[in-house]
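Asker:
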Amino acid sequence: MNYKKIFTEIENEFPKMEDPGRVPSYIPELGSIDPEKFGIHLATVTNRNYSLGDSDEKFSLQSIAKVLALTLAFKLEDENLWNRVGVEPSGTPFNSLVQLDFEKGVPRNPLINAGALVICDVLVSRLKNPRHEFLEFVRNFSGNPNIDYNMKVAESEKQTSHRNAALINLMKDYGNIKNDIGIVLDFYFNLCSLEMTCKELAHVFLFLAAHGTHPKTKIEVISGSKAKRINAIMLLCGFYDEAGEFSFKVGLPGKSGVGGGIIAVHPEQYSIAVWSPRLNKKGNSYKGMKVLEFLTDRTQSSIF
Ligand code: GLU
Numbered sequence: 001m002n003y004k005k006i007f008t009e010i011e012n013e014f015p016k017m018e019d020p021g022r023v024p025s026y027i028p029e030l031g032s033i034d035p036e037k038f039g040i041h042l043a044t045v046t047n048r049n050y051s052l053g054d055s056d057e058k059f060s061l062q063s064i065a066k067v068l069a070l071t072l073a074f075k076l077e078d079e080n081l082w083n084r085v086g087v088e089p090s091g092t093p094f095n096s097l098v099q100l101d102f103e104k105g106v107p108r109n110p111l112i113n114a115g116a117l118v119i120c121d122v123l124v125s126r127l128k129n130p131r132h133e134f135l136e137f138v139r140n141f142s143g144n145p146n147i148d149y150n151m152k153v154a155e156s157e158k159q160t161s162h163r164n165a166a167l168i169n170l171m172k173d174y175g176n177i178k179n180d181i182g183i184v185l186d187f188y189f190n191l192c193s194l195e196m197t198c199k200e201l202a203h204v205f206l207f208l209a210a211h212g213t214h215p216k217t218k219i220e221v222i223s224g225s226k227a228k229r230i231n232a233i234m235l236l237c238g239f240y241d242e243a244g245e246f247s248f249k250v251g252l253p254g255k256s257g258v259g260g261g262i263i264a265v266h267p268e269q270y271s272i273a274v275w276s277p278r279l280n281k282k283g284n285s286y287k288g289m290k291v292l293e294f295l296t297d298r299t300q301s302s303i304f
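According to the working numbering, numbering within the sequence shown proceeds without interruption in unit steps and concludes at 304.
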């Protein structure tokens, strides 16, 4: 596949393309990001790499990190995990309370906020020091000791996260949160504050393009069967109420974050990370979605 040629075309067209999206301000620390940032990195399972723009600059993963927390929780809990969180698309915004009440505190899937809070609760129950052990898990399987949290971002979210507090309180009332609410929320804010460059992010997610075993470190992060299921959840639930749109236009399992990042995985081929901070109305990177649509159309390399 001639990714080099496609990357040159992207470089010529996308950075200057008009972008009606907006940088989110509900987490104050994210509001100060330069909206013009634009980076991409594609890493193949055979260790070929293609980069452009600000691909070596760290950004806030936000909801993208939920996939990594899910990976560890699924590894530890096996099928029991699904007693506490579903695997169905939500069709509602990422922080919706309505559906959660209707479904008696069992979140639709692990990638909306409520679901990720349940995953954090599982990790708080299972691990002695979840903040440290989760970070070590990611650093270890990816072979990258430079991955870290951004405490300023975590603190900033903590100050303004009334809605996440509402979600977790509602689930506690329904009996689906086992630990202290403050401890689980703190771990969640840390998780979302995880930072990576596009290059690091694409490399971390390669295990999902390689049946659960990281092609670089050769570490089995998760079994092939579990990797299949996580990719399925990303495809159906990775973009909140725009998951159908992403599947329709891009055709890859993926996950977005309000930091402006998107990760997408082509099983047996590559993992690709894009960062462009302006978000569309559904909270997904406007240009990030467009560029991935362009790439999978031009290379005819989607899962469909
Ligand atoms: N930390 C963010 C929140 O809870 C994550 C949302 C996202 O990236 O979609 O609101």
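Ideal Cβ placement from N, Cα and C applies to all residues, glycine included. Since the structure is predicted, the reported quantities are computational estimates derived from the model, not experimental observations.
Could you tell me the distance, in whole angstroms, from the CA atom of residue 74 to the CA atom of residue 12?
Answerer: Position 74 of the sequence shown, counted from the start, is the residue given in the question as residue 74. Position 12 of the sequence shown, counted from the start, is the residue given in the question as residue 12. So the two alpha carbons sit approximately 41 angstroms from each other.
Asker: Less than 8 angstroms separating the beta-carbons of residue 241 and residue 93?
Answerer: Here the question's residue 241 lines up with position 241 in the sequence shown. Here the question's residue 93 lines up with position 93 in the sequence shown. Their beta carbons are under 8 angstroms apart, which means residue 241 touches residue 93 by this criterion.
Asker: Closest to residue 146 by CA distance: which of 56, 37 and 268 is it?
Answerer: On the sequence shown, position 146 is the one that residue 146 refers to. The residue with the shortest Cα to Cα distance from residue 146 is 56.
Asker: Compare the C-alpha of residue 229 against each of 43, 218, 196 and 212 and name the closest.
Answerer: Within the sequence shown, numbered from 1, the residue matching residue 229 stands at position 229. The shortest Cα separation from residue 229 among 43, 218, 196 and 212 belongs to 212.
Asker: Using beta-carbon positions only, say whether residue 207 and residue 184 come within less than 8 angstroms of one another.
Answerer: The residue labelled residue 207 in the question sits at position 207 within the sequence shown. The residue labelled residue 184 in the question sits at position 184 within the sequence shown. Cβ atoms of residue 207 and residue 184: not closer than 8 angstroms.
Asker: When you compare each of 283, 104, 286 and 262 to residue 83 by their alpha carbons, which one comes out closest?
Answerer: Here the question's residue 83 lines up with position 83 in the sequence shown. The option with the nearest alpha carbon to residue 83 is 104.
Asker: Determine, using beta-carbon pairs with one atom in the segment 108-115 and one in the segment 58-70, whether at least three such pairs fall under 8 angstroms.
Answerer: Yes: at least three Cβ pairs fall under 8 angstroms.
Asker: Between the Cα of residue 16 and those of 233, 39 and 133, spot the shortest distance and give me the residue it belongs to.
Answerer: Counting from 1 along the sequence shown, the entry for residue 16 is found at position 16. If we check each option's Cα against that of residue 16, 39 comes out closest.
Asker: Which of helix, strand or coil does DSSP assign to residue 210?
Answerer: Within the sequence shown, residue 210 is the residue found at index 210, counting from 1. In the structure shown, residue 210 sits in coil (DSSP, three-state: anything other than H, G, I, E or B).
Asker: In whole angstroms, what separates the C-alpha of residue 98 from that of residue 193?
Answerer: Within the sequence shown, residue 98 is the residue found at index 98, counting from 1. Within the sequence shown, residue 193 is the residue found at index 193, counting from 1. Going by the C-alpha atoms only, they are around 26 angstroms apart.
Asker: Residue 258: beta carbon under 7 angstroms from a heavy atom of ligand 1?
Answerer: The count along the sequence shown starts at 1 and reaches residue 258 at position 258. Checking every heavy atom of ligand 1 against the Cβ of residue 258, one is found closer than 7 angstroms.
Asker: In whole angstroms, give me the CA-to-CA distance for residue 189 and residue 175.
Answerer: Residue 189 sits at position 189 when you count from the first residue of the sequence shown. Residue 175 sits at position 175 when you count from the first residue of the sequence shown. Whole-angstrom Cα-Cα distance: 22 angstroms.
Asker: DSSP beta-bridge partners for residue 44?
Answerer: As a position in the sequence shown, residue 44 is number 44, starting the count at 1. Residue 44 pairs with 270.
Asker: Rank 140, 203 and 116 by C-alpha distance to the C-alpha of residue 168 and give the top, closest one.
Answerer: For the purposes of this step, residue 168 is taken as the residue at position 168 of the sequence shown. If we check each option's Cα against that of residue 168, 116 comes out closest.
Asker: Would you kindly check if the distance between the Cβ of residue 275 and the Cβ of residue 254 is under 8 angstroms?
Answerer: Here the question's residue 254 lines up with position 254 in the sequence shown. Here the question's residue 275 lines up with position 275 in the sequence shown. In this structure, residue 275 does not lie closer than 8 angstroms to residue 254 by Cβ.
Asker: Nearest by alpha-carbon distance to residue 277: which of 31, 165 and 7 is it?
Answerer: Position 277 of the sequence shown, counted from the start, is the residue given in the question as residue 277. Nearest of 31, 165 and 7 to residue 277, Cα basis: 31.
Asker: Taking 6 angstroms as the limit between beta carbons, can you name the residues of its chain near residue 8, skipping five residues before and five after?
Answerer: The residue you call residue 8 lines up with position 8 of the sequence shown. Nothing meets the Cβ criterion.
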